[in-house]
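Structure first, then comments.
In my numbering, the protein residues as written are 23 to 394.
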């Protein structure tokens, strides 16, 4: 079932939604003040992307940036010397490098953009280390050549506006190609009819993904086993292997390995709903939710979570529930799968996100690279 139009109230200091950018004090003096006044030069060359690691969502993000702008990965030395715009794929993994390199490049009027993939802790956590980073990011907003962007809309969590100039939608809310969509729909049409619906948990499985609740609910509640086939697709971490064993004994299906991109398309094609019920520890932007939203597949989310708020704000088909109410909510009808609606939403997310990225990188008036 889909929730009403009211966004659930956030609770606790880490979920405050009324935080706004504050005056960070008087203007910086000396060269830092001058850096803020430097004229931003016209950017030349395709954007350079820095990513310390190449795992998780990063390869997907880099692929989208390459397709849109001809971007390529580069090291810190090349970023410092190049006149091309620079994008840090994940500010959190290289915070000091982003700040220092961004300021040095600003001296020459060169643009530096950084993406915050997990902005909530930085924007609202009371911990000293995050408060310090929050103050630095708030101060960097004063520099015209430095653009910090989040992958979470400000309307979903307004506190992130304290650390970022703007936002884009998570790439995985709008990155699927027409060929991939057609492959999913073809596989969907070939799916044999079954008495039970399929609820899938996708990606690396651990407590942050709510794998313990996913499996334990299926083991304990006969009503869920009667109506659903629960399937887990992705590597199961050692700390939750006991849950996986009991889950399999109860009739659940576990594919305990890394799943290829092609196989993932088949998983989404087989799904009537996708598990996105993550505890607070894992409550951040979700690529799994994004792919399901693009394909019009309803997602199961924790009531009051950031994922729940995103679904409400962006009208993504979803089933909001609590841990105690899971069985009751899933006994009711699921929101209908709507591929056409997912396609339209993804197109809207893409247009807005690409325009924001182009403006931040200084590519607003340039044509996208020609398709190969």
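Note that CB positions come from ideal geometry on N, CA and C, so glycine has one too.
Keep in mind it's a predicted model, so treat the numbers as computed, not measured.
- For residue 260, no pairing in a beta bridge is given by DSSP.
- Note: residue 223 is bridge-paired with 254 in the DSSP secondary-structure output.
- Residue 83 and residue 230 have their C-alpha atoms roughly 22 angstroms apart.
- For the options 90, 252, 329 and 301, the alpha carbon positioned closest to that of residue 292 is the one of 252.
- The beta carbon of residue 305 is closer than 8 angstroms to those of 142, 324, 327, 328 and 329 in its chain, skipping five residues each way along the sequence.
- Of the residues 242, 133, 129 and 320, the one whose Cα lies closest to the Cα of residue 70 is 133.
- Of the candidates 250, 102 and 227, the residue whose Cα lies closest to the Cα of residue 353 is 250.
- Cβ contact annotation for residue 273 (same chain, cutoff 7 angstroms, sequence separation greater than five): 247, in chain order.
- Every beta strand (DSSP E) stretch that sits fully inside the region 77-145 and reaches 3 residues is listed by chain position as 108-110 and 134-138.
- Our two residues, residue 334 and residue 299, have alpha carbons roughly 15 angstroms apart in a direct line.
- Contact between residue 86 and residue 193 is confirmed by a C-beta separation of about 5 angstroms, below the 8 angstroms threshold.
- Residues 359, 360, 361, 363 and 364 of the same chain have their beta carbon placed closer than 6 angstroms to that of residue 318, with the five preceding and five following residues left out of the count.
- Residue 350 and residue 314 have their C-alpha atoms some 23 angstroms from each other.
- Between residue 195 and residue 312 a beta carbon distance of about 4 angstroms is seen, short of the 8 angstroms cut, so the two are scored as contacting.
- Between the alpha carbons of residue 303 and residue 190 lies a distance of about 23 angstroms.
- A distance of 8 angstroms or more separates the beta carbons of residue 144 and residue 110.
- Per DSSP, reduced to three states, the secondary structure at residue 149 is coil, with no helix or strand assignment.
- As DSSP reads the structure, residue 280 sits in no beta bridge.
- In this structure, residue 185 and residue 150 do not form a Cβ contact; the two beta carbons are roughly 16 angstroms apart against a cut-off of 8 angstroms.
- Following the DSSP letters along the chain, one finds residue 330 inside the alpha helix (DSSP H) bounded by residues 328-336.
- About 12 angstroms separates the beta carbon of residue 68 from that of residue 89, a gap too long to meet the 8 angstroms contact definition.
- Between the alpha carbons of residue 369 and residue 211 lies a distance of about 23 angstroms.
- The C-alpha of residue 152 is placed about 29 angstroms away from the C-alpha of residue 380.
- The Cβ-Cβ distance between residue 96 and residue 127 does not fall below 8 angstroms.
- Bridge pairing for residue 189: 172 [DSSP].
- The DSSP-derived three-state label of residue 344 is coil.
- Residues 171 and 378 of the same chain have their beta carbon placed closer than 6 angstroms to that of residue 188, with the five preceding and five following residues left out of the count.
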